[in-house]
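Number of protein chains: 2
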Amino acid sequence: MNTDYISKATLGRLPIYLQYLRSVRMEKRSISATGIANALGFGEVQVRKDLGSICKRGKPKIGYVTEELIAELEMCLRCDSKGQAIIVGAGKLGQALLDYAGFSEYGLEIIAAFDSRVQNGECSEKGKPIYPFREIGGFCYRNDVHIGIITVPKEAAQEVCNEMVKNNICAIWSFAPIILTVPDHVVVMQENLALSLAHLKKQIK
Amino acid sequence: MNTDYISKATLGRLPIYLQYLRSVRMEKRSISATGIANALGFGEVQVRKDLGSICKRGKPKIGYVTEELIAELEMCLRCDSKGQAIIVGAGKLGQALLDYAGFSEYGLEIIAAFDSRVQNGECSEKGKPIYPFREIGGFCYRNDVHIGIITVPKEAAQEVCNEMVKNNICAIWSFAPIILTVPDHVVVMQENLALSLAHLKKQIK
Chain A
1 MNTDYISKAT LGRLPIYLQY LRSVRMEKRS ISATGIANAL GFGEVQVRKD LGSICKRGKP
61 KIGYVTEELI AELEMCLRCD SKGQAIIVGA GKLGQALLDY AGFSEYGLEI IAAFDSRVQN
121 GECSEKGKPI YPFREIGGFC YRNDVHIGII TVPKEAAQEV CNEMVKNNIC AIWSFAPIIL
181 TVPDHVVVMQ ENLALSLAHL KKQIK
Chain B
1001 MNTDYISKAT LGRLPIYLQY LRSVRMEKRS ISATGIANAL GFGEVQVRKD LGSICKRGKP
1061 KIGYVTEELI AELEMCLRCD SKGQAIIVGA GKLGQALLDY AGFSEYGLEI IAAFDSRVQN
1121 GECSEKGKPI YPFREIGGFC YRNDVHIGII TVPKEAAQEV CNEMVKNNIC AIWSFAPIIL
1181 TVPDHVVVMQ ENLALSLAHL KKQIK
């Protein structure tokens, strides 16, 4: 199944389905979309649509085979080897992300950080390695890393971005408030935390 | 003008318009949507729509009076006194947000953090105050704060949320991976950083 174009909203619900199905796998060999919807307080149409984007429809009167659906969800959330990411900029935000445990839910792991202020290898609080920035190339090559996260000040962001692209990073998540220039094959997601907070403020009733 | 329902995408472009207009205010007394669109590489329709959501249309053949448009943008981005926020959870992420300078672009400021592990007042690297959690009530009341940010572990998030609501916080930005229960008048925005990274990974070409 091609799950490339799954929406962000659907993707956000997949770990919830997975967690629920794992909790009932011993007692329910099969489960219907209605059953899942009722248990989670979601709409039935939404559940059918979400699950339809990752696997075939359930069978009439039976629904989904629980173990098969669990396997499909696991595969969608962490099937490939592209889940390893590196981060450049080991300031407070960078180290917070480096040590954040929640990425594993999506089969993702930030395996190392790089920082130009680091001279020899260091460790984060949770023991993740932080290397000098100049070592990024060899590291990405050896570990087949394709996802990069930028948490450096905006003045340094484009240079870091260029170095990532040169080293086969093809997906970049940037927290620097600057528009990055990248080749066509590279996808960039700009995170603007100030904008998120401003948007929340606008919603005050 | 009621700018309550401005979209997040539009809101994201307002600081770009403002920056551009400030840079040309000496040479251009008036400016057209076409002129702005060309200068910024935006579509004309988009510029008209964005500006239409914060002020009246420009006049035919003249466009907008530059100073008036600057004033409208400034008002929309920081007019009211609701721009002060507090944060609970002074770990790495909390302190990174506390010291982040980019919020001021939207007239926002995180004025203090609170943490249950803090016994007496402390300071962040940039000199922002970090208080014991028990002091949140008095602080919010004295400073008329209505925006709260939650960066505590998920186990503590609902309790922190309840305390915020009790102290007149009506907009909550939560980084804890848990669905918070709040009264109807409170707006909650859930930030799921793992989901953002997972979504980026799905877009790899």
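Heads up: the protein sequence lines correspond to chains A and B, in order.
Under our numbering, think of the first position of the first sequence as 1, with each following residue one higher.
Under our numbering, think of the first position of the second sequence as 1001, with each following residue one higher.
Glycine included, each C-beta is placed from N, C-alpha and C at the ideal position.
Under 9 Å by beta carbon: chain A residues contacting residue i
i: Phe-1103 of chain B; result: Leu-193, Ala-194, Leu-197, Ala-198
is_contact[residue i, chain B] using C-beta, thresh 8 Å
i: Gln-203 of chain A; result: yes
i: Ile-54 of chain A; result: no
i: Gln-19 of chain A; result: no
i: Lys-49 of chain A; result: no
i: Leu-11 of chain A; result: yes
i: Ile-147 of chain A; result: yes
i: Ile-70 of chain A; result: no
Residue-chain proximity (residue i, chain A), Cβ-Cβ < 8 Å
i: Val-1182 of chain B; result: no
i: Ala-1171 of chain B; result: yes
Under 8 Å from the C-beta of residue i: neighbouring residues of chain B
i: Val-187 of chain A; result: Leu-1200, Gln-1203, Ile-1204, Lys-1205
Chain A contact residues for residue i, given Cβ-Cβ distances below 8 Å
i: Gly-1083 of chain B; result: Lys-201
i: Tyr-1106 of chain B; result: Ala-194, Leu-195, Leu-197, Ala-198, Lys-201
Residue i: contacting residues in chain A (beta-carbon distance under 7 Å)
i: Pro-1177 of chain B; result: Gly-102
Within chain B, the residues that residue i reaches when beta carbons sit closer than 7 Å
i: Gln-95 of chain A; result: Lys-1092
Residue i: contacting residues in chain B (beta-carbon distance under 9 Å)
i: Lys-8 of chain A; result: Leu-1195, Ser-1196, Ala-1198, His-1199, Lys-1202
Residues bridged to residue i (per DSSP)
i: Lys-1059 of chain B; result: B:Gly-1063
i: Pro-1129 of chain B; result: B:Cys-1123
i: Gln-1084 of chain B; result: B:Glu-1109
i: Met-1189 of chain B; result: B:Trp-1173
i: Gly-148 of chain A; result: A:Ile-86, A:Ile-172
i: Phe-1114 of chain B; result: B:Val-1088, B:Tyr-1131
Integer-rounded CB distance, given that residue j should sit under 8 Å from residue i
i: Gly-1091 of chain B; j: Thr-1151 of chain B; result: 6 Å
i: Cys-206 of chain A; j: Ile-86 of chain A; result: The first residue shown for chain A is 1 and the last is 205, placing residue 206 of chain A beyond what the model contains.
i: Ala-1033 of chain B; j: Arg-1013 of chain B; result: Actually they are not in contact, since the Cβ atoms of Ala-1033 of chain B and Arg-1013 of chain B sit about 13 Å apart, beyond 8 Å.
i: Leu-18 of chain A; j: Leu-108 of chain A; result: Not really, about 15 Å apart at Cβ, beyond 8 Å.
i: Asn-1143 of chain B; j: Gln-1190 of chain B; result: Incorrect: roughly 25 Å between the Cβ atoms, too far for contact.
i: Ile-1136 of chain B; j: Glu-1163 of chain B; result: 6 Å
i: Cys-1170 of chain B; j: Ile-204 of chain A; result: 6 Å
i: Ile-1016 of chain B; j: Leu-1040 of chain B; result: 6 Å
i: Tyr-1106 of chain B; j: Arg-1078 of chain B; result: 7 Å
i: Ala-1176 of chain B; j: Lys-1202 of chain B; result: Not a contact, Cβ separation roughly 24 Å.
Residue i Cβ short of 7 Å to the ligand GTP heavy atom set
i: Gly-127 of chain A; result: With respect to the ligand GTP, the structure offers nothing, as it holds no ligand at all.
Contact with chain C by residue i, beta-carbon distance below 8 Å
i: Ala-71 of chain A; result: This model lacks chain C altogether, as its protein chains are A and B.
Any alpha helix (DSSP H) of 4 or more consecutive residues that is wholly inside the stretch 1005 to 1045 of chain B: 1008 to 1024, 1033 to 1040
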